[in-house]
Structures are given as structure tokens and as C-alpha cells.
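J.: Heads up: take any position in the sequence shown, counting from 1, add 698, and you land on the numbering used here. Just so you know, even glycine gets a beta-carbon here, dropped at the ideal spot from N, CA and C.
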Amino acid sequence: MRLLLAEDEKELSKALCAVLKHNNYSVDPVYNGQDALDYGLCENYDGIILDLMMPKIDGLTVLKKLRENGISTPVIILTAKSEIEDRITGLDAGADDYLTKPFAMGELLARLRALTRRKSEFSPNVASFGNISLNRETFELSVDNDSVRLGNKEFQMLEMLMSNPGRLISTEQFMERIWGYETEAEINVVWVYISYLRKKLANLNANVEIKAVRGVGYTLEEKEC
Numbered sequence: 699m700r701l702l703l704a705e706d707e708k709e710l711s712k713a714l715c716a717v718l719k720h721n722n723y724s725v726d727p728v729y730n731g732q733d734a735l736d737y738g739l740c741e742n743y744d745g746i747i748l749d750l751m752m753p754k755i756d757g758l759t760v761l762k763k764l765r766e767n768g769i770s771t772p773v774i775i776l777t778a779k780s781e782i783e784d785r786i787t788g789l790d791a792g793a794d795d796y797l798t799k800p801f802a803m804g805e806l807l808a809r810l811r812a813l814t815r816r817k818s819e820f821s822p823n824v825a826s827f828g829n830i831s832l833n834r835e836t837f838e839l840s841v842d843n844d845s846v847r848l849g850n851k852e853f854q855m856l857e858m859l860m861s862n863p864g865r866l867i868s869t870e871q872f873m874e875r876i877w878g879y880e881t882e883a884e885i886n887v888v889w890v891y892i893s894y895l896r897k898k899l900a901n902l903n904a905n906v907e908i909k910a911v912r913g914v915g916y917t918l919e920e921k922e923c
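(1) Need the endpoints of the beta strand (DSSP E) that alanine 704 sits in, please.
(2) Could you check which residue in Val773, Tyr729 and Pro772 has the C-alpha nearest to that of isoleucine 755?
(3) Please classify glutamate 819: does DSSP put it in a helix, a strand, or coil?
(4) Expressed to the nearest angstrom, what Euclidean distance is found between the alpha-carbon atoms of proline 800 and leucine 813?
(5) Would you kindly check if the distance between the Cβ of alanine 704 and the Cβ of aspartate 744 is under 7 Å?
(6) Among residues of its own chain, excluding the 5 on either side of arginine 924, which ones have a beta-carbon nearer than 8 Å to its beta-carbon?
(7) Taking the continuous alpha helix (DSSP H) assigned at alanine 734, which residues delimit it?
(8) Under the three-state reduction of DSSP, which class applies to alanine 825: helix, strand or coil?
(9) So, with DSSP's three-state summary, where would you put serine 893?
(10) Would lysine 763 and leucine 735 be called neighbours here (beta carbons separated by less than 7 Å)?
(11) So, with DSSP's three-state summary, where would you put isoleucine 830?
(12) Measuring only between beta-carbons, confirm whether valine 914 sits less than 7 Å from chain C.
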């Protein structure tokens, strides 16, 4: 899952990024409303965490402009404003949820899970393809009674592949979705993580495999008998 975090308090943003990444989210942090709007218009996010009090453009204006442009990405407003009127204004502007500062990280994570479930039309916590299962809560990849816990990027890559079985996913799509637009990682990092996943699938005796289309991308397919 990929998130846009718009929070101008850099220490808070840094702490939120650390916790979110630990929970297998990819995060693009921005620190002003103009960047939040520009990034949000890309439509490449599963959720947006949006502070209201930001420089250049306030969060409420960002939210309204996103909705005016047809962006339906779920948005959680994160703000120190706690009056009922403020909540009503934010929700009426198109927010999906509202969390006031200070807040518990556990509550933010729970609200994110609820929002992303709604976006994916209540997709089950366990994805399956062939004889493999991927638990979206525990990040475990399983075949029968054997399982292994995947790392952050491994989990996100396999989730993308399992959500689109048989469909080619380009190396660039992996980079943008998981590492972010401004990553300094080399593009061959995708191949490295694909090799990790292949080894884990082989160790579990999975009947599916990740096939490569040279110079283009990867697909997840069932092995031929």
C-alpha cells in the first residue's frame, strides 16, 4: 500500500514515516500544500494523510481541489483542530476520516486499514493464487502448513503481483509504487527483490512462479504441469 503523507512538522513526519514503513506501507512525505496537491493529482496512492495547517496551500483547499479533479483516493485529515465544526467542514469537503492531534499511532493504523479495505471493496485479508496465500495483516506467505514472513518491499511486490495474476507489471511500476518518485535506489533493486521472492516461493514448493519479460517487467503465473 502506498501513502502520501502531507505534514509540515518535519519531526512528526519523520516519526510517522518510520512507523508506517515498519507496517509495510510505502510513504511519500511532502511538507507543503502545493506539493501535496501535485503529488495527490497523480492518482497513484492507496491513501492520503493530510494536515490542514500547511504552508503555500492549506489542507482543506488541497482536499477540495483533489475532489474537484475527480481524485477519489481516501483521505484522512490529521490536524490539531478538534472542534465539531472543523470536523464537519473537513468531511463535507471530501475527507473520509478525521483524526485530531495528539493521537495514538495504533488508531491511525487502524483507520488506514479501514480506509484501504473500503477502497478495495472489502478485499479479504488473505489473498490467494494457485496454492499460495498472502496474509495482509501478518505479511505471511503460506503454502499448506508452511509459511514465511515477508519483508516490507517483498510483501508489497508480491501483493501487486497477486492482485494482478497473469498481468505484466513493469519495473517502472514497481519503482513508482513501492520506492516512490524521488527514490535514489537503482532500478535493478526490483530484480534483487524478485529474486528474493522466487527463492521463498521455491522453498515453500509453490505451484506459481514469477516470470520475467526481458527489459519489460514481471508476471505471476501458475506453473505448467
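T.: Looking at the coordinates:
(1) Position 6 of the sequence shown holds residue 704. First-last of the beta strand (DSSP E) with alanine 704: 700 to 704.
(2) If you number the sequence shown from 1, residue 755 lands on position 57. Per the Cα distances, Tyr729.
(3) Against the sequence shown, residue 819 aligns to sequence position 121. For glutamate 819, the pLDDT reaches just 49, beneath the cut-off of 50, and the residue's location in the model is therefore unreliable, although a value from the coordinates is still provided. Glutamate 819: coil per DSSP, three-state reduction.
(4) For the purposes of this step, residue 800 is identified with residue 102 of the sequence shown, where counting begins at 1. For the purposes of this step, residue 813 is identified with residue 115 of the sequence shown, where counting begins at 1. Spanning the two alpha carbons is a distance of roughly 20 Å.
(5) Here the question's residue 744 lines up with position 46 in the sequence shown. Here the question's residue 704 lines up with position 6 in the sequence shown. Against a cut-off of 7 Å, the Cβ pair of alanine 704 and aspartate 744 comes out as no contact.
(6) Given that the chain is displayed from residue 699 to residue 923, the structure contains no residue 924 and the question cannot be resolved.
(7) In the sequence shown, the residue the question calls residue 734 occupies position 36. 731 to 738 is the span of the alpha helix (DSSP H), which, as asked, contains alanine 734.
(8) Position 127 of the sequence shown, counted from the first residue, corresponds to residue 825. DSSP places alanine 825 in strand when its eight states are reduced to three.
(9) Position 195 of the sequence shown, counting from 1, holds the residue named residue 893. Note: serine 893 maps to helix in three-state DSSP.
(10) Numbered from 1 along the sequence shown, position 65 holds the residue referred to as residue 763. Numbered from 1 along the sequence shown, position 37 holds the residue referred to as residue 735. A contact, by the Cβ cut-off of 7 Å.
(11) Locating residue 830 in the sequence shown gives position 132, where the first residue counts as 1. Strand.
(12) Protein chain content of the structure displayed is limited to a single chain, and chain C is not contained in it.
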